[in-house]
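Q:
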Amino acid sequence: MSRVVIVGAGHAAAEAISSLRKKGYEGEIWLIGDEPLLPYQRPPLSKKYLLGEVSLQQLYIKGPDTYDAAGVVQMLGRTVHAVNRQTKQLALDGDETVSYDKLILATGTRARTLPVEGSDLPQIMYLRTKQDADSIKMALRTGTRLLIVGGGYIGLEIAASAIKQGAAVTVIEAMDRVLQRVTSPVVSEFYQSVHHQEGVEIRLSATLHKFASDDSGNWAVLQSGDTIGFDAAVVGIGVIPNVELAEQAGLPCENGIIVDEFCKTADPDIYAVGDCSNHPSLIYDRRLRLESVPNAMGQARTAAASICGEQEPYDEVPWFWSDQYDVKLQTVGLCQGYDELVVRGDQSKRKFAVFYLQAGRLIATDAINSPAEFMVSKKLVAARAHPDPEQLANPDVALKTLL
Ligand SMILES: Cc1cc2nc3c(=O)[nH]c(=O)nc-3n(C[C@H](O)[C@H](O)[C@H](O)COP(=O)(O)OP(=O)(O)OC[C@H]3O[C@@H](n4cnc5c(N)ncnc54)[C@H](O)[C@@H]3O)c2cc1C
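As structure tokens, this is what we get:
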């Protein structure tokens, strides 16, 4: 009987398992993951789980019965150290080996760490896993002085959750605006103002020099010489793709494991999906490594289809979301390289959309509490549409008429 082995038990793995079975794959499926848990959702870790509004049971993507019914051999809490492509075997901790016919690498990413003095203090945390979220939760109490290093989505979501729990939150961001890597100044300024209104202090152009501590407490020293005292700190400065297994196996990697449009690596029996993979985007005509649940799930479906003999190129429009306070952001596409920006709606009501155009083509939209704009934009971006900017801006023009 043939065997598919999936390394990494996250979002992509869960979807690959259900897709393989849905598509009629009858062979063995093995799931090997270094965390001791069945695949669970990471997005709530900075949101509802941190707020204590969802339990571990609610984090699981599927319950244990689903994996049992699919006949999945589960090896959780186990790490794969090496892939031998000649013998088609994986080397695990404890000197165990597992053979495969097809291998799916779904190893995700890990938090980028801060290479500064004092970053090994126990009060300094990262957020990637449920265990990390539990540590942050433990540290959050009314009055806790929480320092967040990095004004990206994860840092800002943690800030929103922490302030709701009565913490005193300061975010330091090295750039001159938050979310600089992913959005326009309009949206960055909107978030800065929302966080300010909610009581979070955001310090921009603030680069961390080191952490220090003594009997009186802990503090961060900025390059400017300013100091910020804290009880707990969370560093959210991005992630690093887990490509070491692929590299060791001699597979090409560059900002992720290089795959083709079917999520296949240079080895026809090895696929890479989700945050760890770097794929050719047909929509943007360049390579992308995305960090989002929809991408992990879409790529998993593509790899499962390919294993089942159906070659369906991965060509989904990237999309993301972020929840902070009462503000739901839904982003379609990637705005880098836009040359025109159109705003529709009312920022003061926390309900508006920003459309990004490049040479007249809609390449991305940030929809804030605007689900209709999000839905229509998904179709417009996929269609490589060139909508009229004046109509986009005009709230009296129903967006669906632009389709
Ligand atoms: C706090 C937080 C909030 C987020 N919020 C959002 C959001 O709002 N919207 C959104 O779209 N995305 C969000 N994301 C990103 C999203 O969670 C990821 O895009 C998604 O988890 C990617 O799935 P994956 O299966 O590729 O990898 P992962 O879910 O990271 O799973 C990979 C697994 O592989 C394991 N692994 C790695 N190497 C090995 C090995 N050698 N042996 C065994 N196991 C190994 C890892 O430990 C991990 O368990 C968030 C992420 C975090 C951390």
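Counting in the working numbering, the sequence shown tops out at residue 394, every number present.
Ideal Cβ placement from N, Cα and C applies to all residues, glycine included.
Note that the structure is a prediction, hence the values are computed from the model and not measured.
Going by alpha carbons, who is nearest to S297 out of G15, A363, G141?
A: Comparing Cα positions, the closest option is G15.
Q: Would you mind stating whether L383 and F343 have Cβ atoms separated by less than 8 Å?
A: For L383 and F343, no; Cβs fall outside 8 Å.
Q: Rounding to the nearest angstrom, what Cα-Cα distance links N209 and G220 in this structure?
A: For N209 and G220, the distance between alpha carbons rounds to 6 Å.
Q: Any heavy atom of ligand 2 closer than 7 Å to the CB of H270?
A: This structure lacks ligand 2; the ligands present are ligand 1.
Q: Check H402 in the structure and name its three-state DSSP category.
A: No statement about residue 402 is possible, as the shown extent of the chain runs from -8 to 394 and does not include it.
Q: By alpha-carbon positions, which one of P176, K53, G142, D123 ends up nearest to L195?
A: It is G142 whose Cα lies nearest to the Cα of L195.
Q: Which two residues bound the contiguous beta strand (DSSP E) that contains T322?
A: Unbroken beta strand (DSSP E) run through T322: 318 to 324.
Q: Using C-beta distances below 7 Å, list every residue in its chain close to N360, excluding the 5 sequence neighbours before and after it, in chain order.
A: Cβ neighbours of N360 beyond the five flanking positions: V318, K319, R341, K342.
Q: So, at 7 Å on beta carbons, what are the nonlocal neighbours of M(-8) in its own chain, with the 5 sequence-adjacent residues on each side left out?
A: Within the same chain, M(-8) has close Cβ partners G18, E19.
Q: Is the CB-CB distance between P232 and D266 below 8 Å?
A: For P232 and D266, yes; Cβs fall inside 8 Å.
Q: If we require 3 or more residues per run, which beta strand (DSSP E) segments fall completely within the stretch 19 to 88?
A: Here the runs fully enclosed are 19 to 24, 63 to 67, 71 to 75, 80 to 83.
Q: Taking Q321 and L147 to be in contact with their CB atoms under 8 Å, please state how far apart those CB atoms are, rounded to whole angstroms.
A: Actually they do not touch by this definition, with Cβ atoms about 16 Å apart.
Q: Please say whether A97 and G241 have beta carbons closer to each other than 8 Å?
A: Going by C-beta atoms, G241 is not nearer than 8 Å to A97.
Q: Are there any heavy atoms of ligand 1 lying less than 7 Å away from the beta-carbon of S37, as far as the coordinates show?
A: Yes - ligand 1 has a heavy atom lying nearer than 7 Å to the Cβ of S37.
Q: Can you tell me whether V191 is helix, strand or coil according to DSSP?
A: Here V191 sits in coil by DSSP.
Q: What is the rounded straight-line gap between the Cα of D56 and the Cα of L29?
A: If I take the Cα positions, the gap works out to 11 Å.
Q: Under the rule that 16 or more other beta-carbon atoms within 10 Å means buried, what is M288, buried or exposed?
A: With 16 or more Cβ atoms within 10 Å of its Cβ, M288 is classed as buried.
Q: Output the boundary residues of the beta strand (DSSP E) element that contains Q349.
A: Counting along the chain, the beta strand (DSSP E) containing Q349 begins and ends at 342 to 349.
Q: Identify the continuous beta strand (DSSP E) that holds V(-5) and give its terminal residues.
A: Segment -6 to -2, the beta strand (DSSP E) holding V(-5).
Q: Quick one: any contact between the stretch 154 to 172 and the stretch 129 to 143, if contact means 3 or more CB pairs under 8 Å?
A: Contact between the stretch 154 to 172 and the stretch 129 to 143 is present, because at least three Cβ pairs lie under 8 Å.
Q: For K391, which of E364, R375, V372 has the nearest alpha-carbon?
A: Comparing Cα positions, the closest option is E364.
Q: With respect to the beta strand (DSSP E) encompassing K201, which residues constitute its N-terminal and C-terminal limits?
A: 199 to 205 is the span of the beta strand (DSSP E), which, as asked, contains K201.
Q: Determine whether the beta carbon atoms of I23 and V89 lie at a separation below 8 Å.
A: Yes.
Q: Report the option in N269, V250, H270 whose CA atom is closest to the CA atom of I261.
A: It is V250 whose Cα lies nearest to the Cα of I261.
Q: For the alpha helix (DSSP H) holding I274, just list the boundary residues, first then last.
A: I274 -> no alpha helix (DSSP H), and no H or E assigned at all.
Q: Following the continuous beta strand (DSSP E) through N117, name the residue where it begins and the one where it ends.
A: The residue asked about is misnamed: residue 117 is Tyr in this sequence, not Asn. Segment: none, Y117 is in no beta strand (DSSP E) and carries neither H nor E.
Q: Quick check: what's the CA-CA separation for E192 versus D276?
A: For E192 and D276, the distance between alpha carbons rounds to 39 Å.
Q: In this structure, how does DSSP classify C396 when only helix, strand and coil are distinguished?
A: Past the edges of the chain, shown from -8 to 394, lies residue 396, and the structure says nothing about it.
Q: Here's a check: name, in chain order, each residue in its chain whose Cβ is nearer than 8 Å to the Cβ of A130, leaving out the five neighbours to either side.
A: Correct list, in chain order: Q114, M116, L137, D222, A223.
Q: Between the stretch -6 to 9 and the stretch 278 to 294, do at least 3 Cβ pairs fall closer than 8 Å?
A: The stretch -6 to 9, when compared against the stretch 278 to 294, does touch it at the 8 Å Cβ threshold.
Q: Is F253 helix, strand or coil by DSSP?
A: Note: F253 maps to coil in three-state DSSP.
Q: Below 7 Å, is the gap between the Cβ of V284 and the nearest heavy atom of ligand 1?
A: For ligand 1, at least one heavy atom lies less than 7 Å from the Cβ of V284.
Q: Taking G190 and I154 to be in contact with their CB atoms under 8 Å, please state how far apart those CB atoms are, rounded to whole angstroms.
A: Contact flag correct, Cβ pair sits at about 6 Å.
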